[in-house]
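Encoded as structure tokens, the structure appears first; notes follow it.
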Amino acid sequence: MPEHQEPRPAIKAEKLTKAFGHVTALRGVDLSISQGEIVTLFGPNGAGKTTLIRILTGLTHPTSGRALIDGWDMADGEPEPRRKIGVISHQTYLYNNLTPMENLRFYGRMYGIKPLEERISQAIDEVGLSDRRDDLVKNFSRGMQQRLSIARATLHNPGILFLDEPYTGLDQHAARNLRNILKRLHTEGRTIFMVTHNIARGLEMCDRVLVQVKGRMVFDKPVVEVRRDGFEDLYFEIVAEASK
Numbered sequence: 249m250p251e252h253q254e255p256r257p258a259i260k261a262e263k264l265t266k267a268f269g270h271v272t273a274l275r276g277v278d279l280s281i282s283q284g285e286i287v288t289l290f291g292p293n294g295a296g297k298t299t300l301i302r303i304l305t306g307l308t309h310p311t312s313g314r315a316l317i318d319g320w321d322m323a324d325g326e327p328e329p330r331r332k333i334g335v336i337s338h339q340t341y342l343y344n345n346l347t348p349m350e351n352l353r354f355y356g357r358m359y360g361i362k363p364l365e366e367r368i369s370q371a372i373d374e375v376g377l378s379d380r381r382d383d384l385v386k387n388f389s390r391g392m393q394q395r396l397s398i399a400r401a402t403l404h405n406p407g408i409l410f411l412d413e414p415y416t417g418l419d420q421h422a423a424r425n426l427r428n429i430l431k432r433l434h435t436e437g438r439t440i441f442m443v444t445h446n447i448a449r450g451l452e453m454c455d456r457v458l459v460q461v462k463g464r465m466v467f468d469k470p471v472v473e474v475r476r477d478g479f480e481d482l483y484f485e486i487v488a489e490a491s492k
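Each residue of the sequence shown is one higher than the one before, counting from 249 in our numbering.
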């Protein structure tokens, strides 16, 4: 009989290094995130957090090391792992001169979603934009654009979501809407990897807490081992020590 094998990680980084000329953004980052886990990454500006997400999502290649999505090496350029992920960031990746329906139709065709129109209507309804489905995106508020960006990122029902500062520019209503959507996705067993500066929001749903400083992962603990009311002070201590 075959030996029992551990479940394959949803997200895995192996000794990731990324250099931009004389600047090294990532320095041998190792990371493993299980299926269905929510992980929040904190870190100061310039820590390499966005670079890490760009490598994990295949938007850029590492100088060395590997980024794996459900076992697929993102550097190989295969389409299969890209179908497994959705990306939500402060960049919406929307076309301003198109309507929500037209934007999602474009992405839906790219992913080969069928039946497409039914799924588009469902996605728009999930983010509360049904009454604006035929308006141009350029006339939307920041919060409305971010809600549509969530619909875009989840349109193809990806099992893995990457969030890079998703709360940037959102008002309280839009932030609450995003939080509710993330809670629903978590109950559906999605894997979520979020980068944020907002400590309260980053801690409220996650299973694990990471801190990255100067391209290195310097803190990795289950959230149950973290005192929420004292984490902000601990975070600044971690950053100060790792910055020496």
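Backbone N, C-alpha and C fix where the C-beta goes; we use that ideal spot for every residue, glycine too.
Following the DSSP letters along the chain, one finds V487 in no beta strand (DSSP E) but inside the alpha helix (DSSP H) bounded by residues 479 to 490.
Between M453 and K469 a beta carbon distance of about 16 Å is seen, past the 8 Å cut, so the two are scored as non-contacting.
N387 counts as exposed, since fewer than 16 other beta carbons sit within 10 angstroms of its beta carbon. In chain order, H434, I440, M453, C454, D455 place their CB closer than 7 Å to the CB of I286, counting only its own chain and leaving out the 5 sequence neighbours on each side. In the three-state reduction of the DSSP assignment, R367 falls in the helix class. Taking 4 residues as the minimum length, the alpha helix (DSSP H) runs contained wholly in the region 411 to 456 are 420 to 435, 447 to 452, in order along the chain. For M465, the uninterrupted beta strand (DSSP E) segment begins and ends at 464 to 470. With distances taken between CA atoms, T340 lies nearest to S397 out of L377, P310, S397, E413. Excluding sequence positions up to five before and after T402, its CB lies within less than 6 Å of the CB of G334, all in the same chain and listed in chain order. Spanning the alpha carbons of G463 and R275 requires a straight line of approximately 5 Å. Straight through space, the alpha carbons of T444 and F479 are spaced by roughly 14 Å. When the beta-carbon positions are compared, L279 and K260 come within less than 9 Å of each other. The residue among P310, T305, A258 with its C-alpha nearest the C-alpha of G269 is P310. N345 sits exposed, since fewer than 16 C-beta atoms from the chains shown fall within 10 Å of its C-beta.
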